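Going by this note's numbering, the sequence shown opens with residue 4, and the numbers climb by one from there.
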Amino acid sequence: MNLTSITHTLFTLGTFAERKISGLKLKKIEIEEGEISYLQGGSGTPLVLLHGFGADKDNWVRLARYLTPHFQIIAPDLPGFGESFKDPDLNYDVLPQTQRLNSFVNAMGLEHFHLAGNSMGGYIAGNYAVEFPEKINSLWLLNPLGVESSPSSPMFEKILRDELPVILSKNREEYESLLDNVFHKRPFIPGFAILELSKIAENNFSLYQKIFKDIHQIKDGSIKFSSPLEGRLKGFSKPTLITWGDKDRILHPSAGTILSREIINSQLQLIKDIGHLPMLESPKTTANQFISFKSSLPEAGSY
Numbered sequence: 004m005n006l007t008s009i010t011h012t013l014f015t016l017g018t019f020a021e022r023k024i025s026g027l028k029l030k031k032i033e034i035e036e037g038e039i040s041y042l043q044g045g046s047g048t049p050l051v052l053l054h055g056f057g058a059d060k061d062n063w064v065r066l067a068r069y070l071t072p073h074f075q076i077i078a079p080d081l082p083g084f085g086e087s088f089k090d091p092d093l094n095y096d097v098l099p100q101t102q103r104l105n106s107f108v109n110a111m112g113l114e115h116f117h118l119a120g121n122s123m124g125g126y127i128a129g130n131y132a133v134e135f136p137e138k139i140n141s142l143w144l145l146n147p148l149g150v151e152s153s154p155s156s157p158m159f160e161k162i163l164r165d166e167l168p169v170i171l172s173k174n175r176e177e178y179e180s181l182l183d184n185v186f187h188k189r190p191f192i193p194g195f196a197i198l199e200l201s202k203i204a205e206n207n208f209s210l211y212q213k214i215f216k217d218i219h220q221i222k223d224g225s226i227k228f229s230s231p232l233e234g235r236l237k238g239f240s241k242p243t244l245i246t247w248g249d250k251d252r253i254l255h256p257s258a259g260t261i262l263s264r265e266i267i268n269s270q271l272q273l274i275k276d277i278g279h280l281p282m283l284e285s286p287k288t289t290a291n292q293f294i295s296f297k298s299s300l301p302e303a304g305s306y
């Protein structure tokens, strides 16, 4: 067995073990455009978790360990990512992805659920909640993309200088830089996992670059979005928790304050000394935020 085979085997076994510890199982379901892969486990009201750009469903596994006693966790690979269908000819901007998410929700038979999303997943979650409010019990936005009026983050400043976004990587060195930027203090990630994840990023570089361009537009010297969250969620009244790591270098943390002013029934919780992926950098603290938030809702007993 060569080194490549060994690292792939270790990565596969490690992924399986983490899912098992968190009580999650891998499942697949078909929608019109193709197959969606997802993780599911736990009991209670469904909590649908949407990962960010370049990530996949396993970004939620460490967080899910603390949530499965309270919720039925459903974490899909969004189209274009992970093990779900990939088609370079599709439009992956937020509204088409919102419709694909609804196809998944309908295929799963979900009528009412909590919806959460990180980064790009938060951008999709916010737009979904506005499009289909009757299905949403509560909304949880973790460092969400799509707040157009926020100050430029270090990543966006580099993009405006025509530099490659740090979240796009095509080799291990660039992937290491990605990790250094998305975390304030990088959690333990085994070397074999970094090697495998960097290979996935490299193999999908062209598609990810296309998806990135679908979502982000540069106009008049700033980053523009087709469906900005602060406009879409203005006056949104469903209970909303906004979680943000205060050391986020990918998306400016002040975007959380902007969103909280527009969403009628929202709470903003900054996590000190945490970066762009709080569910990976501080999973227990992040999970407890939502558990406390949900238990504080007046309607909590009916969920």
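We treat Cβ as the ideally placed atom computed from N, Cα and C, and that holds for glycine. As the structure is a computational prediction, the values presented were derived from the model and not from experiment.
Nearest-angstrom Cα separation, counted from Asp59 out to Phe84: 6 Å
Given Ile24 as reference, the closest of Gln43, Gly37 and Ala128 once Cα atoms are compared: Gln43
For Leu210 and Leu93, the rounded distance between their alpha carbons: 10 Å
In this structure, does DSSP put Tyr41 in helix, strand or coil? strand
Residue nearest to Ile266 in terms of C-alpha spacing, selected from Pro242, Ile192, Asp183 and Phe56: Pro242
Can you grab the Cα-Cα spacing for the pair Val133 / Ile9, in whole Å? 46 Å
Rounded Cβ spacing between Thr186 and Gly120 (contact assumed at less than 8 Å): Note that residue 186 is Phe in the sequence shown, not Thr. The Cβ separation is near 19 Å, so there is no contact.
Integer-rounded CB distance, given that His73 should sit under 8 Å from Trp63: About 14 Å separates the two Cβ atoms, so there is no contact after all.
For the segment 31 to 45 and the segment 188 to 197, state whether three or more C-beta atom pairs, one from each stretch, are separated by less than 8 Å. no
Taking buried to mean at least 16 other C-beta atoms within 10 Å of its own C-beta, is Gly304 buried or exposed? Because Gly304 carries a pLDDT of 42, less than 50, the predicted location of this residue cannot be relied on, and no value is offered for it.
Given Ser141 as reference, the closest of Ile218, Gln270, Val169 and Phe208 once Cα atoms are compared: Gln270
Out of Leu66, Ala78, Ala110 and Leu29, point me to the one whose CA is closest to Glu35's CA. Ala110
Counting Cβ pairs, one atom from each stretch, are 3 or more of them under 8 Å apart for the segment 157 to 176 and the segment 227 to 235? no
Output yes or no for whether 9 Å exceeds the beta carbon distance between Asn130 and Val97. yes
Gly85 (DSSP reduced to helix, strand or coil): coil
Do you know offhand how far Pro256's Cα is from Phe215's? 21 Å
Beta bridge counterpart(s) of Ser269 as assigned by DSSP: Thr243
Could you give the uninterrupted runs of the beta strand (DSSP E) lying entirely in the segment 170 to 250, keeping only those of 3 residues or more? 220 to 222, 225 to 227 and 243 to 248
Leu280 and Ser122: beta carbons closer than 9 Å? yes
Tell me whether Gly120 sits in a helix, a strand or coil according to DSSP, three-state version. strand
Between the Cα of Val51 and those of Gly57, Lys275, Lys213 and Leu81, spot the shortest distance and give me the residue it belongs to. Leu81
From Glu284, Ser263 and Leu244, pick the residue whose C-alpha is nearest to that of Leu300; which is it? Leu244
Looking at Ile218: is its Cβ nearer than 9 Å to the Cβ of Tyr95? yes
Member of Arg189, Glu33 and Asn105 whose CA lies at the smallest distance from the CA of Pro136: Asn105
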